[in-house]
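To keep things clear, I will list the structure first and then write my remarks on it.
In the working numbering, the protein residues as written are 5 to 271.
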C-alpha cells in the first residue's frame with residue numbers, strides 16, 4: 005500500500021453574485037406625452053408662423069442684435085439697430101465704422117460700452133476666421149467675443165433652422181411652471197426641453213415658449229385668463245384653469261397684452 009498522500013480535493017469556488025442597483029432614469033418632464041403634444045399643438049394653432057421681435061436682415065445683423073439684446077428689450081434694441089444696420093450690415097462695414105462710432109449708435113442700450121467693444125471685435129473675428137460669414141456651428145459661434153451659448157442657439161435656430169433651444173428668463177419660468185421641463189439651471193432646462201419636445205414642434209418651440217412667457221405667463225402677474233394651456237398648467241399660483249379660446253395670430257401680432265420686461269433677455 006502506497007504511503008503517498010492523495011491531493012486534497014479542491015473546493016469549488018462559489019462566485020458571489022451582487023445585485024446591481026437599477027439605474028434610475030431621469031424623468032425629464034412631469035407632463036405626460038399626451039399633454040406635451042396637446043401643449044405644442046395649441047401653440048402651433050395660435051401661431052402657425054412664429055417669429056422673434058428683433059429686427060435683422062441677414063445672419064450678421066441677427067447675431068449683432070442678439071448680442072445687444074442681453075439685459076435689454078427688443079424694442080430698445082430695434083430703435084438703436086435701425087440706424088446702425090442702415091449703414092453697417094456686414095462685418096466689414098462694422099469694422100470700418102470703428103468701436104467709438106458703434107458706441108454712439110447703441111448708447112441708448114444698457115452696457116453699451118462693453119457691447120460696442122464686443123460687436124467690433126466679433127466683426128473682426130468673423131473677417132479673420134470665417135471670411136466675413138457667420139458660421140452655422142455652435143462652437144465657432146461661442147468663440148466669438150460677446151457670444152454665449154444662448155446667443156449661439158438663437159442664431160442657429162432662427163437663421164439656420166437648427167433644432168436648438170435658447171433658454172432665456174421667460175422660457176426658464178414657463179418650463180418650470182408648467183413642469184414641462186423642470187430644472188434649477190438653464191442647462192438643466194435646455195437639456196430637458198431637448199428630450200421632451202416632439203420633433204415636429206422643436207423648430208419653432210423657442211418662439212412659442214418665449215412669446216407665451218413674455219405676453220401671457222408673466223413673472224409677477226401671469227394672465228391666466230388669456231392662457232390657451234391653463235388646463236395643462238401645474239403652477240401653484242395659477243388663477244384660472246379653463247383654457248382661453250385659441251385665436252390665430254400672424255407673425256407680427258404678438259402684443260396681446262403689455263409684455264413682461266422683468267429680467268428681459270431676448271431671443
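Ideal Cβ positions, reconstructed from N, Cα and C, are used throughout, including at glycine.
Ranked by Cα distance from residue 207, the options 31, 34, 32, 51 are led by 51.
Only buried fits residue 106, as 16 or more other CB atoms lie within 10 angstroms of its CB. If you draw a 10 Å sphere on the C-beta of residue 243, you find fewer than 16 other C-beta atoms in it, and that means exposed. Closest in C-alpha terms to residue 102, from the list 112, 114, 122, comes 122. In the three-state scheme derived from DSSP, where H, G and I count as helix and E and B as strand, residue 79 is classed as helix.
Boundaries of the alpha helix (DSSP H) around residue 176: 173-181.
Contact check for residue 158 against residue 210 passes: the beta carbons are separated by less than 9 Å. The beta carbon of residue 127 sits closer than 6 Å to the beta carbons of 95, 98, 99 from its chain, once the five residues preceding and following it are set aside; these are given in chain order. Under the three-pair Cβ rule at 8 Å, the stretch 129-146 does not count as touching the stretch 40-60. At the C-beta level, residue 113 and residue 84 come within 9 Å of one another. Non-local C-beta neighbours of residue 246 in its own chain, meaning closer than 8 Å and more than five positions away in sequence, comprise 234, 235, ordered along the chain. When DSSP assignments are scanned along the stretch 95-132, the uninterrupted stretches of alpha helix (DSSP H) that are 4 or more residues long and fall wholly within it turn out to be 95-101, 103-109. Taken through DSSP and simplified to helix, strand or coil, residue 57 comes out as coil. Scanning its chain for C-beta atoms nearer than 6 Å, with the 5 sequence neighbours on each side dropped, one finds around residue 125 the residues 149, in chain order. If you compare the alpha carbons of 77, 141, 197, 171 with that of residue 35, the shortest gap goes to 197.
Going by beta carbons, residue 142 and residue 173 fall outside the 9 Å limit. From the listed residues 232, 225, 76, the smallest Cα separation to residue 251 is found for 232. Annotation: residue 186 to residue 104 spans about 43 Å, alpha carbon to alpha carbon.
The three-state reading of DSSP puts residue 37 in helix, counting H, G and I together. Taking C-beta atoms under 8 Å as the contact rule, residue 162 and residue 56 qualify, at a distance of about 6 Å. DSSP, read as helix, strand or coil, puts residue 145 in helix.
Burial is judged here by how many other beta carbons sit within 10 angstroms of a residue's own beta carbon; residue 203 has fewer than 16 and is exposed. With respect to the 9 Å criterion, residue 71 and residue 193 are not classified as neighbours on the basis of their beta carbons.
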